[in-house]
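The sequence shown begins at 513 in this note's numbering and counts up by one. Think of the CB as a built atom: it goes at the ideal place given N, C-alpha and C, for glycine as much as any other residue. A quick write-up on the structure given underneath.
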Amino acid sequence: MHINEALFQIGLLHGYYLQALYEERSSEHMSKAASETEKAKNSRRIKKEILDYLSENARKYPWTSIDDCIPELISMLTEKAKNTREFTINPDTIRANIKKWARSSSKSESDREFQEQLAELFYPA
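See the structure below:
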């Protein structure tokens, strides 16, 4: 084998390696993006369920903030997720997520809308 042919083969192998690496990372990125989209859809659905539940039950319970009703929300969401299978819920993380969504420092538009609707429920004008 001549030196030029050997260099060509090395270059070709390197090209195949780079292509395989790119395809692997590309599919990982696509799968991560799909997962993030699913998470966002799931959290929007959960926020809607929370707001619906709070607006239906606000007069029944003496809640003054979102923290007061988290146990009831977790119970309701767990039951609804089990019955409808329209969304998934992890009871271990939902408490932290509800608090995060309700914080005013969140930059998410969905979180800001959630905060505005919570304010209307807990502090009506």
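| query | result |
| --- | --- |
| Answer yes or no: do I558 and F599 have a C-beta to C-beta separation smaller than 8 Å? | yes |
| Is C581 near the ligand MN, in the sense that its beta carbon is under 7 Å from a heavy atom of that ligand? | As for the ligand MN, it is missing from this structure, which has no ligand bound. |
| Can you give the Cα-Cα distance for C581 and G527, rounded to whole angstroms? | 58 Å |
| So L563 packs on Q629, CB below 8 Å; how close in whole Å? | 5 Å |
| Determine the extent of the alpha helix (DSSP H) in which T596 is found, giving its start and end residues. | 578-596 |
| Taking the alpha helix (DSSP H) that R624 belongs to, which residues open and close that run? | 621-634 |
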